[in-house]
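Residue numbers (my numbering), protein chains in the order written: chain A, 1 to 383; chain B, 1001 to 1383.
Note that the Cβ used here is the ideal one computed from N, Cα and C, for glycine as well.
Computed from a prediction, not measured in an experiment: that's the story for all the values here.
Quick notes on the structure that follows.
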């Protein structure tokens, strides 16, 4: 019964804390949408300011990552209010107690920055494209486990199936392979990215072809450098196996378990940040397998001075490339130094390589940029 | 780029920490199976002892919940080793830094104790019934969103579909509604309980009828008492709406979206702890809708002195009850004071009410008890 008694004790303690919190909610603010039921903090103001509050009477110093030190009150609560509005969209945060970074136990956990952290959402006006809507049939995101011989371990893909999938038992679907960024994993597109609602809405509005979306973990090993290892080497190492795992294990598993169109015309790949680099490495080197390519804040890998030699010459013959690749999409946020991606797009165009440049206004190297990129990219596929 | 720069800084810092950790791994121990890739701690010894290690040079006091204070080393690492082996199975834990309880960012988060916490697994000998196996077709666990008019909010069920579901487009399946315990949610059976692997293995071995399993959130509101509220009242309140949500919203949503057999003969319900009480309240009061009933460490709600009046007289006529309810299963762990549940089973039998009593050897009020209960209960269904 030890754990039950502890739970009871815990209930009483938290009830006291909760009772105190109840009295101090600032006007014009709402709980962060990722808070657990009943958790009042963190809060987001109508003006986009964020309000953090942590009960830590015995701590010497409490900080919120990316935001700074909190101020201790006599009641044992530490508070932090952002000076101005935060950038709209989804932001990671951690509570740092006397130097120890931790996830907020009162918030939904997200895998980002290489560990389980918390997230706060500054609502976007007109952001309903990533929200569930009445009357919109909802697809499902499910796990698909497979044994990786390459890694000698069980791995899983998360698989989005459109709402109509089960109603058309003889229909086969095209597939988008969609990758996360550095330090994220296969859960990030569905959790941080709300990709299922974006897909549901696009399909219901007739803007997107019903398709299957597959998300897997492209960070095969920890990106924490091993003892004495150069961090750059570590970052190259930790995703090194992904190409072979995708081509020889993930794709065959998906094509054996789901009703899938298996030709290159019906296979797309996109990724964000690090996942965009992986996407370019994999697709440009395997144009016999992919015909739609998207890089979301992750297209920096191409050196346009060396187009002839890049990716084993995949870009050398613009006409041949354009015939093979129906969509090459380069997305970026306006607040994350978009110049390099924009120049890349222009240089590719000069070289005769068809591509689409999309700049997300007012967003940073974060998931709101990537939700918008997905929302722009998916309607272009399989048409 | 602010967040990117922070990420880079974070990478360097963690690499330093990681490098230090590398040198101090005790022999005969392995990382907890729920650690993120590359995280060395917590660790579990072959003898069942647990090893915790947290880098907190500036903290005054670091504890591991349910386990006690950690000891600070000169290198800034705090350590705790359990005196003896811990009980086998899955245990919750939190890191408590200077009095602030937090989830371990290096571990997979589990929703338990009313918040997102961490878990450590003491492997069970012969525990492969809840592990994936080569050659065993794996079913899927997916989310099924629906709008609750009762709560005026979007809610989701997690739905397990057997591996064969998509291969039999005209076949309809029986359904088990499976509930979590107090302070857990719809994710707990799949995460802590590994129910999908238990189902996959039972079905592959021919022990269980292929079925759909539906898991939803039975803790409708926070169980943290509102300002001045009696904790007992709060606990009654927070699940109060669940019966009507299950009967009028969840079941119709499932039966409209999946190929489901909709008669009482093909509908079962079970729950653990608090979810067992909910199961008894819902099924005994709706015997026209359910014919299989399971309570896992959660059968204490029946007062056998008042069988005639309990649940509106559902148990008054033993013969009629036995004709309606094909399985009444009472499971409990040997380390959580099983006497009350055992007496209940015996008193029910004396009253002529057929029931099955299962006692899990050596396990407490925790998920290993409930994994075993599920493994015992499911083969009895829909035969």
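For residue 1143 of chain B, the enclosing beta strand (DSSP E) has its first and last residue at 1140-1148. Counting only the Cα atoms, residue 356 of chain A lies some 13 Å from residue 297 of chain A.
Put simply, the backbone Cα of residue 1320 of chain B is about 11 Å away from that of residue 1326 of chain B. Put simply, the CB of residue 82 of chain A is far from chain B, with every gap to its CB atoms at 9 Å or more. Shown in chain order are the members of the stretch 1125-1136 of chain B whose Cβ falls below 8 Å from a Cβ of chain A: 1132 and 1134. By the Cβ neighbour-count rule, residue 1135 of chain B is exposed, with fewer than 16 other Cβ atoms within 10 Å of its own.
As DSSP reads the structure, residue 72 of chain A sits in a beta bridge with A:78.
For residue 1065 of chain B, there is no enclosing alpha helix (DSSP H), since its DSSP letter is neither H nor E.
In the DSSP secondary-structure assignment, residue 1336 of chain B is not bridged to any residue. At a C-beta separation below 8 Å, residue 1098 of chain B has these neighbours in chain A: 56, 58, 59, 60, 97 and 98. Per DSSP, residue 1278 of chain B is one residue of the alpha helix (DSSP H) stretching across 1274-1284. For the options B:1096, B:1202 and B:1140, the alpha carbon positioned closest to that of residue 1374 of chain B is the one of B:1202. By the neighbour-count criterion, in which a residue is buried when 16 or more other Cβ atoms sit within 10 angstroms of its Cβ, residue 1369 of chain B is buried. Residue 308 of chain A sits exposed, since fewer than 16 C-beta atoms from the chains shown fall within 10 Å of its C-beta.
Within 10 angstroms of the beta-carbon of residue 1216 of chain B lie 16 or more other beta-carbons, which makes it buried.
Each residue's CA atom was taken as its position, placing residue 1272 of chain B and residue 312 of chain A some 58 Å apart. Sixteen is the threshold: since fewer than 16 other Cβ atoms of the shown chains lie within 10 Å of the Cβ of residue 1150 of chain B, the residue is exposed. Residue environment analysis places residue 1082 of chain B among the buried positions, since at least 16 neighbouring C-beta atoms fall within 10 angstroms of its C-beta. Contact between residue 117 of chain A and residue 1105 of chain B holds: CB atoms are separated by about 6 Å, below the 8 Å threshold.
With a threshold of 9 Å between beta carbons, residue 75 of chain A makes no contact with chain B. Here residue 27 of chain A is exposed. Its C-beta has fewer than 16 other C-beta atoms within 10 Å. By the Cβ criterion, the stretch 1086-1096 of chain B is not in contact with the stretch 1143-1162 of chain B, since fewer than three pairs of Cβ atoms, one from each stretch, lie closer than 8 Å. Using a Cβ-Cβ cut-off of 9 Å, residue 1102 of chain B counts as an interface residue toward chain A, since at least one Cβ of chain A sits closer than that to its own. Counting C-beta atoms within 10 angstroms of its own C-beta, residue 1334 of chain B has fewer than 16 neighbours from the protein chains shown and is therefore classed as exposed.
What residue 148 of chain A touches in chain B, judged by beta-carbon distance under 9 Å, is nothing: the nearest beta carbon there is about 11 Å away. If the five residues before and after residue 98 of chain A are omitted, its C-beta is found closer than 7 Å to the C-beta atoms of 59, 60 and 61, all from its own chain and listed in chain order.
Residues 1154, 1155, 1156, 1157, 1249, 1250 and 1253 of the same chain have their beta carbon placed closer than 8 Å to that of residue 1146 of chain B, with the five preceding and five following residues left out of the count. Taking a C-beta cut-off of 7 Å against chain B, the contacting residues of the stretch 140-173 of chain A are 140, 141, 142, 143, 144, 145, 147, 154 and 169, listed in chain order. The stretch 1259-1267 of chain B makes contact with the stretch 1173-1183 of chain B: 3 or more CB pairs, one atom from each, lie closer than 8 Å.
In the three-state reduction of the DSSP assignment, residue 1257 of chain B falls in the helix class, which pools H, G and I. Here residue 1306 of chain B is exposed, its C-beta having fewer than 16 other C-beta atoms within 10 Å.
For residue 1318 of chain B, the enclosing alpha helix (DSSP H) starts and ends at 1318-1324. Taken through DSSP and simplified to helix, strand or coil, residue 1306 of chain B comes out as helix. Just so you know, the alpha carbons of residue 377 of chain A and residue 246 of chain A end up roughly 21 Å apart.
Taking the Cα of residue 48 of chain A as reference, the smallest distance to any Cα among A:113, A:200, A:122 and A:96 is reached at A:122. In this structure residue 1299 of chain B is in contact with residue 1276 of chain B, their Cβ atoms being roughly 6 Å apart against a cut-off of 8 Å.
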